[in-house]
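Those letters in the sequence shown? Residues 31 to 544, by the numbering used here.
Scroll down for the structure; my scribbles are underneath it.
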Amino acid sequence: MAILDIQTISTRRLLLGFLIFNFLLRLVFLNINAAEYTDGILQLTMFETPNTLWPPLYTLCALLLSKLLGSLLVSGKVVSCLASTALLIPLFSFSNRIGGKRWAFYSCLLYSVAPIALRWSVRVMTDPLFTLFFICSLYFLFLAAVQLAQVDMSLFAEQRKFRDIDVFMGLSCIFTVLATLTRYQGVILLPLNLACTILAIRRYRRFPLFSSITYGLWALVIVWIALRGFGHISQIEGRMGMSISATLLNYLNTFESFVIFLPYFITYPVFICIVVGLLCSDYKKVETKLVLCLLVYVGLAVLMIQTVFSSFQSRYLLPLLPLLLIFAGGGLAAIHEKLEHAPKAFAAILLVILAYSLVFAFGVMVLQRGVFGDIKVAGEFLQTAPGSAPIYSNEMYKTNITGNKLAFYSGKPIRYVGITRQLVLDRELPSGSILCLHSAYGGMEVFQHVLRYLHKHYHLTELKRCYTSIVPLLPDVMEEPVSHQNPLAWFFRYQKQRFYTVIYQIGERTPQAR
């Protein structure tokens with residue numbers, strides 16, 4: 031029973047080379063980002079806050095690694111870095127089983143320069159770890175399905191095959207649970223696990239003991255949700271429209287946008303390779319048919335889930351990316367085969383594909399590194415503030431989760447205050463308190479409007495002004511709320527987005543404000 035298709039010395043060396051290159055490349059960019067996203071900070075501090083949006087596995091991995099590295103923030107990045115690198119192992123094995131060593135080589139080569147994969151591989155975020163477990167589950171499910179699709183006349187061979195199927199299905203179920211304990215979206219693999227188990231029982235008239243036992247691991251997910259809660263229901267409800275028709279149209283817009291902008295996210299040259307790979311694949315082989323079915327199922331399931339969340343972000347395509355790159359590697363291998371008589375022409379094509387992806391990836395890493403950098407600088411500045419001075423901020427993730435990034439970077443409790451006109455007209459801030467206003471919450475126009483009212487109604491001492499900017503080549507935090515997590519973000523991908531944080535010491539109210 032060969033689990034990984036890397037039996038020869040040459041394939042092992044090739045895979046090892048990719049692993050080393052990818053790990054070193056990610057180490058180079060490990061500390062490039064100015065700050066981390068709200069989701070990442072919440073995931074790191076999961077056991078200190080009441081949020082119910084994520085399961086605990088990523089946080090536990092970061093906490094365990096922090097015992098060795100001494101920094102929770104660095105540990106979160108390293109977990110993502112290691113997971114993103116390790117993903118090459120199932121990707122290589124997948125591609126090698128379908129099309130051979132050349133397919134595997136090109137699939138891994140394209141993954142190594144993929145902008146989406148590189149961007150999130152050095153971020154404090156659950157996505158790389160989730161994608162690793164997700165693809166590992168699909169790979170073992172694929173191995174079990176291949177065995178089920180083949181029929182041997184020998185009774186001994188059939189008995190041995192059943193044992194292999196049992197092991198493969200059990201491993202797939204284990205990784206499905208691990209994926210679900212990282213992000214709840216992993217549950218979309220459960221129907222595939224169940225279908226494979228039912229088919230095995232119907233064919234062999236036997237009970238697969240090992241894989242059946244592994245289903246008991248789902249108790250971990252159930253217990254966690256029972257103890258912690260499940261916050262995604264309220265999240266979905268909060269993003270619904272005013273009517274059913276408005277909600278459905280919003281869903282359609284999000285789903286359609288993911289499909290339309292997919293070639294841009296994975297780069298246009300790679301998308302062309304995917305099309306070539308789909309056209310040139312040998313569909314007489316059961317392996318090719320199975321991978322295509324998995325691609326269709328995963329693609330629809332992932333896009334439908336993210337559509338319901340009404341959140342337009344390219345990182346949601348990460349579980350789909352390896353399956354797409356399998357066919358992209360096949361397409362590039364087919365082009366190579368057609369142009370074997372013209373090696374210079376193929377070398378030029380390959381150079382264009384890699385150069386495009388690398389320039390795009392490096393542009394994303396550099397131009398989008400500053401997200402929430404102003405809040406981090408503000409938090410570090412607040413570390414020197416007097417301990418007794420209350421600190422107010424308009425940073426908000428949800429109504430019950432506020433000030434988390436500022437609190438993380440400053441190490442001090444943060445009180446929430448809404449960024450509205452009522453901030454200065456209807457509520458008096460204590461003299462001597464510190465106020466941090468961030469333009470990322472409400473937009474630049476509201477930010478400037480409130481600043482004018484503050485200066486009119488309070489004696490203020492500006493302590494620090496922090497600034498950062500990004501160019502959102504991939505959809506990101508946007509300057510104006512209307513384009514944030516919205517397909518509109520794509521249309522502003524070349525426009526600089528500016529963000530400010532201003533820190534004031536609050537003085538007495540002005541006479542006209544009394």
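Yeah, the Cβ is synthetic: ideal placement off N, Cα and C, and Gly gets one too.
Treat the numbers as computed from the prediction; the structure is a model and nothing was measured.
At a Cβ-Cβ threshold of 8 Å, isoleucine 464 and isoleucine 383 do not count as neighbours.
Between glycine 216 and threonine 227 the beta-carbon gap is near 17 Å, outside 8 Å, which marks them as no contact.
Note that the C-beta distance between alanine 358 and cysteine 303 is below 8 Å. Minimum Cα-Cα distance from asparagine 126 among the listed residues Val476, Ile356, Ile444, Tyr524 corresponds to Ile356. At a Cβ-Cβ threshold of 8 Å, methionine 395 and phenylalanine 59 count as neighbours. The residue from Phe237, Tyr234, Ile204 with its alpha-carbon nearest to that of asparagine 223 is Ile204. When only Cα atoms are considered, arginine 445 and phenylalanine 198 end up about 51 Å apart. Comparing alpha carbon positions, the residue from Lys435, Leu121, Lys319, Asp157 closest to alanine 209 is Asp157. By the C-beta criterion, the stretch 226 to 242 is judged to be in contact with the stretch 163 to 175, since at least 3 inter-stretch pairs fall below 8 Å. Under the three-state reduction of DSSP output, valine 532 falls in the strand class. The alpha-carbon of cysteine 111 is positioned some 16 Å away from that of leucine 90. Under the three-state reduction of DSSP, leucine 94 is assigned to helix.
At the C-beta level, asparagine 424 and glycine 448 come within 8 Å of one another. Taking C-beta atoms as the reference points, tyrosine 281 and valine 338 count as a pair closer than 8 Å.
The continuous beta strand (DSSP E) containing methionine 426 extends over residues 426 to 428.
DSSP places tyrosine 497 outside any alpha helix (DSSP H); the residue lies instead in the beta strand (DSSP E), whose first and last residues are 488 to 500. Secondary structure remark: continuous alpha helix (DSSP H) runs of at least 4 residues inside the stretch 88 to 148, in chain order: 102 to 116, 118 to 129, 131 to 142. In the displayed model, glycine 537 falls within a strand according to three-state DSSP. In the structure shown, isoleucine 421 adopts extended strand secondary structure according to DSSP, grouped into three states. Between leucine 117 and isoleucine 165, the gap from beta carbon to beta carbon is short of 8 Å. For histidine 468, there is no enclosing alpha helix (DSSP H); the enclosing beta strand (DSSP E) covers residues 464 to 468.
About 26 Å separates the beta carbon of threonine 79 from that of asparagine 516, a gap too long to meet the 8 Å contact definition. 8 Å or more divides the Cβ of isoleucine 536 from the Cβ of glycine 472. Looking at the DSSP output, tyrosine 313 shares a beta bridge with no other residue. In this structure, the straight-line span from the alpha carbon of isoleucine 146 to that of phenylalanine 124 is close to 20 Å. When DSSP states are grouped into helix, strand and coil, isoleucine 62 belongs to the coil group. Taking 8 Å as the cut-off, the Cβ atoms of leucine 201 and phenylalanine 170 count as close. Nearest neighbour of valine 328 by Cα position, chosen from Glu475, His514, Pro221, Leu95, turns out to be Pro221.
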